[in-house]
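Asks: In this text, residue positions in the sequence shown follow this note's numbering: the first is 2, and each later residue adds one.
Heads up, the beta-carbon is just placed ideally off N, CA and C, and yes, glycines get one too.
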Amino acid sequence: MMPRRRVAVLLSGRGTNMRALAEAARDPAYPAEIVLALSNRPMAPGLEAAQAMGIATAAVPGKQFPDRDAFDSAVTAILEAHGVELIALAGFMRILSPGFVQHWAGRMLNIHPSLLPLYPGLDTHGRAIAAGDTEAGCTVHMVTEELDAGPVLAQARVPILPGDTADELAARVLVAEHSLYPLALADFVRSSA
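(1) Within the same chain, show all residues whose beta-carbon is closer than 7 Å to that of Phe189, passing over the 5 residues directly before and after it, in chain order.
(2) Select from Arg173, His179, His142, Pro163 the residue whose C-alpha is nearest the C-alpha of Ile88.
(3) Tell me whether Thr140 sits in a helix, a strand or coil according to DSSP, three-state version.
(4) Please check if any C-beta of chain D sits within less than 8 Å of the C-beta of Thr166.
(5) Would you identify the three-state DSSP class for Pro183, choosing helix, strand or coil?
(6) Extract the residue ranges of the alpha helix (DSSP H) inside the segment 100-143, only unbroken runs of 4 or more that lie entirely within it.
(7) Excluding the five sequence neighbours on either side, which residues of its own chain have a C-beta within less than 7 Å of the C-beta of Gly256, listed in chain order?
(8) Within 10 angstroms of its Cβ, does Thr166 collect 16 or more other Cβ (buried), or is it exposed?
(9) Could you say which of Ala23, Phe101, Asp124, Asn41 lies nearest to Met54 if we only look at CA atoms?
(10) Cutting at 6 Å between CB atoms, please list the residues of its own chain near His83, excluding the five before and the five after it.
(11) Is the CB-CB distance between Arg158 and Leu116 below 8 Å?
(12) Report back the beta-carbon spacing between Val85 and Ala9 to the nearest angstrom; my notes put them in contact at under 8 Å.
(13) Taking the alpha-carbon positions, what's the Gln156 to Arg69 distance?
(14) Answer yes or no: do Pro114 and Cys139 have a C-beta to C-beta separation smaller than 8 Å?
(15) So what's Leu39 in DSSP terms, helix, strand or just coil?
(16) Are the beta-carbon atoms belonging to Gly63 and Arg95 less than 8 Å from one another?
(17) Give me the residue from Ala129, Ala25, Leu97 with the minimum Cα distance to His179.
Structure representation (structure tokens):
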């Protein structure tokens, strides 16, 4: 059996996708283990959730650094100290520097709450509703220097219901994310072994 790949989850908020990945990784047959949850927000609820699951945590407040490169260097140092091989971005609300993206090229995934290439960036649900779309969804993709533009690994589709608000749609898409991300990460690890 292949050794499990060491994965860090970078998050800024509740960490629900981190929890979904960590739950999947409890199965010894899962090809990855979540070894670190890192946030740019020391009070992020996702860090508490990780601690409760026995996952190491780190907080790296961006305000402590003079620029993005210095922040990203500090993050890389922590990741490497934990022996991290792959990064799973999960609601990490910082734009990463080109140097960071290049350093982790081919080893960094992200989950985005739209059917990319539709609606990169923010307010994906409101934009999909405003456009009159009949479905939305989520995408797991490789991270490249261009925001939300890396190669798509997997997608899940969610219907947009008549009268949906952005919050209602977001809640349904989040459920799909929690199923899709663990499957996409496992597929990626197996295909890159």
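Replies: Here's the rundown:
(1) For the purposes of this step, residue 189 is taken as the residue at position 188 of the sequence shown. Cβ within range, chain order: Leu110, Leu154.
(2) What you label residue 88 is simply residue 87 of the sequence shown in a count that begins at 1. Measuring from the Cα of Ile88, the nearest candidate turns out to be His142.
(3) By one-based count along the sequence shown, residue 140 stands at place 139. DSSP places Thr140 in strand when its eight states are reduced to three.
(4) Protein chain content of the structure displayed is limited to a single chain, and chain D is not contained in it.
(5) Residue numbering aside, residue 183 sits at position 182 when the sequence shown is read from its first letter. In the structure shown, Pro183 sits in a helix (DSSP, three-state: H, G or I).
(6) 125-131
(7) Only positions 2 to 194 of the chain appear in this structure, which leaves residue 256 out of reach.
(8) The residue labelled residue 166 in the question sits at position 165 within the sequence shown. Looking at its Cβ environment, which holds fewer than 16 other Cβ atoms inside 10 Å, Thr166 is exposed.
(9) Here the question's residue 54 lines up with position 53 in the sequence shown. Ranking the options by Cα distance to Met54, first place goes to Ala23.
(10) Taking the first residue of the sequence shown as position 1, residue 83 is located at position 82. Result list for His83: Val36, Leu37, in chain order.
(11) Numbered from its first residue, the sequence shown carries residue 158 at position 157. Numbered from its first residue, the sequence shown carries residue 116 at position 115. Their beta carbons are under 8 Å apart, which means Arg158 touches Leu116 by this criterion.
(12) For the purposes of this step, residue 85 is taken as residue 84 along the sequence shown, with counting starting at 1. For the purposes of this step, residue 9 is taken as residue 8 along the sequence shown, with counting starting at 1. Val85 to Ala9, Cβ: 4 Å. Contact.
(13) Along the sequence shown, one-based indexing puts residue 156 at 155. Along the sequence shown, one-based indexing puts residue 69 at 68. Between Gln156 and Arg69, the C-alpha separation is close to 30 Å.
(14) Numbered from its first residue, the sequence shown carries residue 114 at position 113. Numbered from its first residue, the sequence shown carries residue 139 at position 138. Their beta carbons are under 8 Å apart, which means Pro114 touches Cys139 by this criterion.
(15) For the purposes of this step, residue 39 is identified with residue 38 of the sequence shown, where counting begins at 1. Three-state result, Leu39: strand.
(16) By 1-based counting over the sequence shown, the position of residue 63 is 62. By 1-based counting over the sequence shown, the position of residue 95 is 94. Yes, the Cβ-Cβ distance between Gly63 and Arg95 is below 8 Å.
(17) Mapped onto the sequence shown, residue 179 falls at position 178. Per the Cα distances, Ala25.
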